[in-house]
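>
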Amino acid sequence: MNILIALIPAIGWGLNPLLLSKIGGKPVNQTLGTGLGALLVGIIVKVMFQPSVASGVFWLSAVSGACWVIGQIGQYTSYAKMGVSTTMPISTGLQLIGTSVIGVLMFGEWSGGVAKLIGFAAIILMIIGVAFTAVTDSSESRAGLMSGLTVLVPTTIGYWAYSALPKAVSASSLSIFFPQMLGIFVGAILYVLLSGHAHAFKESTSWLNIAAGAVFGVSALAYIFSAKANGVATAYMITQLSVVISTLGGMLVLGEVKSHREFRLTMMGLALIVIGSVMTAFL
1416 MNILIALIPA IGWGLNPLLL SKIGGKPVNQ TLGTGLGALL VGIIVKVMFQ
1466 PSVASGVFWL SAVSGACWVI GQIGQYTSYA KMGVSTTMPI STGLQLIGTS
1516 VIGVLMFGEW SGGVAKLIGF AAIILMIIGV AFTAVTDSSE SRAGLMSGLT
1566 VLVPTTIGYW AYSALPKAVS ASSLSIFFPQ MLGIFVGAIL YVLLSGHAHA
1616 FKESTSWLNI AAGAVFGVSA LAYIFSAKAN GVATAYMITQ LSVVISTLGG
1666 MLVLGEVKSH REFRLTMMGL ALIVIGSVMT AFL
């Protein structure tokens, strides 16, 4: 049963990009729908478990959720520019590299020389893996790749903040869940309004994408219970299956085409990213 719980976030986060792409809509519709779906799950969890949280922790957690929206906007925009099967391994690799470095520099993780040696070796593997997944043969694909990276790379800072901010406080994952989901909702609303796309509230694709937001929220909640039941290292390791699911799904379900060389390098890159992430999980 514990392993089944661990598979929920892996499958949910892996299928989420495919669901978003199938539902369609612009990044603003996807962001708004995700915010609404995440808030819905957050409210249900708040009512069911009624976890207590200090006000300072609440607002910091809400800010981390709003930061997540920044990363997600970049990811949604990149889907249209370079496809899910290219975006997801690059995005995942950048997230893992950044959060690992932040953990070492700000929170003193990987204490000891051996741990740091293994950790930075893992980062090198992930960097190589990201480079492999970014290889493209056609000039059209290269143009899309460069356009996507100009959005994806800087917005990944939002994901780093989302992961790092809760580590600065002493609180259970369940207690910060609702404020994070609330922050995601508020961040999504602000993005819609500040970008001048208020019409998104009236568009059906925004409301259909609530399903994707709910899948994200349920997956995030399942990860909390998986970490408690299986341990953080095992739970984290299993979630890395999500990038494999989303990348292969982009090709098999969404029909994104790669040449033989691109496919081979993408598979090699995925393997390196997963191996590197697993290495960091046990440090």
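Add 1415 to the 1-based position in the sequence shown for this note's numbering, that's all there is to it. Don't be surprised by glycine CBs; every beta carbon is placed ideally from N, CA and C.
In chain order, what residues of the same chain have a beta carbon less than 7 Å from the beta carbon of Val1468, not counting five sequence neighbours either side?
Closer than 7 Å at Cβ, skipping near neighbours: Ala1586, Ser1590, Ile1591, Pro1594.
> May I ask which residues mark the beginning and end of the alpha helix (DSSP H) holding Leu1698?
Careful: Leu1698 lies outside any alpha helix (DSSP H) and carries neither H nor E.
> From Leu1520 to Ser1619, what does the alpha carbon distance come to, in whole angstroms?
For Leu1520 and Ser1619, the distance between alpha carbons rounds to 44 Å.
> Express the C-alpha separation of Ser1506 and Ile1688 in angstroms, rounding to a whole number.
Approximately 11 Å, taken between the alpha carbons.
> Pick from Ala1635, Ile1420, Thr1662, Lys1437: whose alpha carbon is nearest that of Ser1621?
Out of Ala1635, Ile1420, Thr1662, Lys1437, Lys1437 has the C-alpha closest to the C-alpha of Ser1621.
> Taking just the CA atoms, how far does Ser1526 sit from Glu1671?
Between Glu1671 and Ser1526, the C-alpha separation is close to 42 Å.
> In its own chain, which residues sit with a C-beta less than 8 Å from the C-beta of Leu1567, not counting the 5 before and 5 after it?
So the qualifying residues of the chain are Gly1489, Gln1490, Thr1492, Ser1493, Thr1502, Ile1505, Ser1506, Leu1509.
> Considering only residues of the same chain and omitting the five flanking positions on each side of Leu1430, which have a CB-CB separation below 8 Å?
Closer than 8 Å at the Cβ level, and outside the excluded window around Leu1430, lie Val1630, Ile1660, Ser1661, Gly1664.
> In angstroms with no decimal places, state the Cα-to-Cα distance between Phe1697 and Ala1530.
The straight-line gap from Cα to Cα measures roughly 9 Å.
> Would you check if there are 3 or more beta carbon pairs closer than 8 Å linking the segment 1469 to 1479 to the segment 1570 to 1588?
At 8 Å Cβ cutoff, the stretches touch.
> Using beta-carbon positions only, say whether Thr1548 and Thr1695 come within less than 8 Å of one another.
It is not a contact, given that the beta carbons lie outside the stated cut-off.
> What is the C-beta distance between Ser1515 and Gly1544, in whole angstroms, given that I count them as a contact (C-beta under 8 Å)?
Rounded, the Cβ-Cβ distance is 14 Å, inconsistent with contact.
> Find the nearest neighbour of Ser1674 within the set Gly1427, Leu1609, Val1550, judged by alpha-carbon distance.
Of Gly1427, Leu1609, Val1550, the residue nearest in Cα terms is Val1550.
> From what residue to what residue does the alpha helix (DSSP H) around Ser1493 run?
1470 to 1497 is the extent of the alpha helix (DSSP H) around Ser1493.
> Since Leu1451 contacts Phe1600 with CB under 8 Å, what's their CB separation in whole angstroms?
Their Cβ separation, rounded to whole angstroms, is 7 Å, which keeps Leu1451 and Phe1600 in contact under 8 Å.
> Do Ile1542 and Ile1512 count as a contact pair if the criterion is CB distance below 8 Å?
Yes. Within cutoff.
> The alpha helix (DSSP H) spanning Lys1617 covers which residue range?
Unbroken run through Lys1617: none, as it is neither H nor E.
> Taking buried to mean at least 16 other C-beta atoms within 10 Å of its own C-beta, is Val1456 buried or exposed?
The residue in question, Val1456, is buried, as its Cβ has 16 or more Cβ neighbours within 10 Å.
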